[in-house]
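In this text, residue positions in the sequence shown follow the UniProt record's numbering: the first is 1, and each later residue adds one.
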Amino acid sequence: MSNKIQTLSGYIHEYAKSVQDPEHFWSRIADSFHWQKRWDSVVEWNFKGPDVKWFTNAKLNITENIFERHLYTLGDKPAIIWEPNNPDEDVRTITYKELYAQVCQFSNVLKAKGVSKGDRVIIYMPMVPEAAVAMLACARIGAVHSVVFAGFSATSLADRINDCKAKMVLTSDGNFRGSKKIAVKEVVDEAIERTESIEKVIVLRRTGQDVNMKSGRDIWWHEAVEGVSTENKAEIVDSEDMLFILYTSGSTGKPKGVVHTCGGYMVYTTYTFQNVFQYSQGDVYWCTADVGWITGHSYIVYGPLLAGATTLMFEGVPTYPDAGRFWAICDKHKVNQFYTAPTAIRALQAYGTEPIEPYKLDSLRVIGTVGEPINEEAWHWYHDHIGKGKCPIVDTWWQTETGGIMISPIAGVTPTKPSYATLPLPGIQLAILDNDGKELTGNSVEGNLCVKFPWPSMLRTTYGDHERCRQTYFSSFKGYYFTGDGVKRDEDGYYRILGRVDDVINVSGHRMGTAEVENAINEHPKVIESAVVGYPHDIKGQGIYAYVICDMEGRSEANLIEEIRQTVTKIIGPIAKPDKIQIVPGLPKTRSGKIMRRILRKIATGETANMGDTSTLLNPEVVEEIIEGAQ
Ligand code: 6R9
């Protein structure tokens, strides 16, 4: 772990080196991995294409760096500790050796069922160790995984299958979440009806509920692995071969398949995991995310396992069987690093400190957050009641597209400040640009957050549509990667993320495009037009406010609103269900027909005293009517 930064001056020194000579800096980090063939050049890039390559022509397999590289020293050490939804069910502890055997075995299964290098495999599974086995088995044979969060609807799943033309789906019968048992296989069946590329479905038995197994297509996981060898020689791939696709929402209607490649992603997730969390051998690290999101990819599976860490995986929810569950797990497994989302902190904060009282929480050394800005109140609550005033909070800013943590304190090294992600990690060259594209230098500035130099785990493209990648991230400000976030750099040079500046809303840490939600609402036959905005929500960070024009004939407003909610659940999933739906007579539009979202945002926030200039509107009278009916 020689790459670990341990002092503030060490950080300053490393950061300076990473900017002065990035090639030398990253090649030194990359040297600690196992490459079948070394790279010709560290980085080749331009942000025009964009065209970014790290460790060109190097050959490797990421799973060899998890297993073969660690087995002699860490073989008997727990790789995954799995805590089930129900605390009375047995914990599973899987050592590196055991996980290796399972991954090899499942790699052989995938191959036998017709998956080969470059094929896309959808993983639609609950939070069980087999989800990690599935990801790693794909990586081992050079197949490309695309994990879809198991809360997404059949329509969302079908869209993703069709977009990447996946050959196989790995799933389960059902999913335990708190007191609920959720059907999973059923959703897969419905989705596959709208697709043409799926040849096989492998189904893990988890809940034991009844499912339909289509003969010739569907296979039980336990039957598929029976008698299959636990030895497998890893497929050697190129550093720039695809590792995975992960779909994420943008400001346009359709989610994009963000593409990550092998070499750079491996190097960067490991480096950031080791540094940000200051993991030491023997520690137990726990990230509460779901593997369906990028946080689960980089900081439950790849980063920790590449670093030889013990990663805890939790199947359930923070409030089951009660609001002390997270803290019970921390004590039970003596968790040293705990990483969660502000929305979970706020939700638990609402229960007061009573649920925390039975627990010591004395194993915790580092606590972290990710996914959305953390408000100062939640930061202090987390710091005082969970960290007991002695654990540094790592507020980590990053994105699906960045692959790994970009701005964050290094635990115990970087002095923290409530609500600040603090400073960029080594290798990350940030820039703040004003709306005219001028870089704002110096401190005490505010603007659009951009990055001006590539980093190893950045996205390479959006699957099947490179132009969309260029348009979305590299066209707003020429020569820069644009994050979509607003940021402030304060008088100390510290960064505070201000939230999205585009039409993306962040609900409980989940990204959603307003257009995506509008499209779903518009599927209801009585809806004529809709506009969706975010508004501040105490627990979720942002809530979804939908203004909808409907054909009301023969319908009650309450029924329609409920039906619209169900339509959104059906089309996207429960996470996109609007918190507020207001039926309106019209939407404020400019003369060119554009919806004036600025006005709708103000109404949703309750800031109706000063509506600004509405004179350019085609229909200014509608504003008053909307204000009157606002919720
Ligand atoms: C990792 C992840 C990315 C968006 C990002 C930003 C918001 C994430 C944050 C944060 C403030 C933090 N975000 N971390 N905002 N402080 N520490 O969440 O990826 O799901 O792609 O979301 O989340 O707005 O642009 P993703």
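All C-beta atoms in this analysis are idealised placements derived from N, C-alpha and C, irrespective of residue type, glycine included. Small disclaimer: the values here were computed from a predicted structure and weren't measured.
- The three-state reading of DSSP puts Pro-355 in helix, counting H, G and I together.
- The beta carbon of Gly-250 sits closer than 7 Å to the beta carbons of Lys-256, Thr-472, Val-504, Gly-513 from its chain, once the five residues preceding and following it are set aside; these are given in chain order.
- Less than 9 Å divides the Cβ of Arg-177 from the Cβ of Asn-85.
- Exposed is the label assigned to Tyr-72, since fewer than 16 other Cβ atoms lie within 10 Å of its Cβ.
- Residues close to ligand 1 by the beta carbon criterion (under 7 Å to any non-hydrogen atom) are, from first to last along the chain, Thr-248, Trp-293, Ile-294, Thr-295, Thr-369, Val-370, Gly-371, Glu-372, Pro-373, Ile-374, Asp-395, Thr-396, Trp-397, Trp-398, Gln-399, Thr-400, Glu-401, Ala-421, Thr-483, Gly-484, Asp-485, Ile-497, Gly-499, Arg-500, Asn-506, Gly-509, His-510, Arg-511.
- Counting other Cβ atoms within 10 Å of its Cβ, Val-487 reaches 16 or more and is therefore classed as buried.
- Note on the segment 503-550: whole alpha helix (DSSP H) runs with a minimum of 4 residues are 514-521, in chain order.
- Secondary structure of Met-313 (DSSP, three-state): strand.
- Membership of Ala-411 in any alpha helix (DSSP H) is not indicated, and neither H nor E is assigned to it by DSSP.
- Between Glu-401 and Val-501 a beta carbon distance of about 15 Å is seen, past the 8 Å cut, so the two are scored as non-contacting.
- Taking a C-beta distance under 9 Å as the contact criterion, Met-168 and Lys-214 do not qualify as a contact pair.
- In the three-state reduction of the DSSP assignment, Ile-123 falls in the strand class.
- One thing to note: Tyr-463 has its Cβ no nearer than 9 Å to the Cβ of Asp-241.
- A distance below 7 Å between beta-carbons, with the five flanking residues on each side excluded, links Glu-44 to the following residues of its chain, in chain order: Lys-53, Thr-56.
- Under DSSP, Lys-589 shares a beta bridge with Ile-595.
- The residue among Val-507, Asn-522, Val-91, Glu-624 with its C-alpha nearest the C-alpha of Ala-576 is Val-507.
- Per the coordinates, the alpha-carbon of Trp-39 lies some 28 Å from the alpha-carbon of Cys-450.
- When the alpha-carbon of Val-203 is set against those of Gln-209, Met-406, Asp-51, Trp-221, the nearest one is in Trp-221.
- Less than 9 Å divides the Cβ of Ala-143 from the Cβ of Ser-116.
- Beta bridge pairing from DSSP links Cys-330 with no other residue.
- Per DSSP, Ile-497 lies in no alpha helix (DSSP H) segment; the continuous beta strand (DSSP E) that holds it begins and ends at 495-500.
- At least 9 Å separates the beta-carbon of Ala-307 from that of Phe-338.
- The three-state secondary structure of Tyr-96, taken from DSSP, is helix.
- Annotation for Leu-306: no beta strand (DSSP E) segment contains it, though the alpha helix (DSSP H) segment containing it runs 303-306.
- Distance between Asn-175 and Val-147, taken at the CA atoms: about 15 Å.
- Put simply, of Val-394, Ile-62, Ile-405, Ile-367 the residue whose alpha carbon is nearest the alpha carbon of Gly-387 is Ile-367.
- From the listed residues Val-188, Val-394, Val-237, the smallest Cα separation to Cys-262 is found for Val-237.
- Distance from the Cα of Gly-479 is smallest, within the candidate group Arg-496, Ser-457, Phe-453, for Phe-453.
- Here Ser-419 is not near Arg-489, since their CB atoms are 9 Å or more apart.
- Shown here for Asp-551: same chain residues with a beta carbon closer than 7 Å to its own, the five before and five after excluded, namely Lys-526, Ile-528 in chain order.
- Annotated three-state conformation of Met-242 is strand, per DSSP.
- Residue pairing of Gln-582 in beta bridges, as defined by DSSP: Tyr-547.
- Between the segment 110-130 and the segment 346-363 there are fewer than three C-beta pairs closer than 8 Å, too few to call the two in contact.
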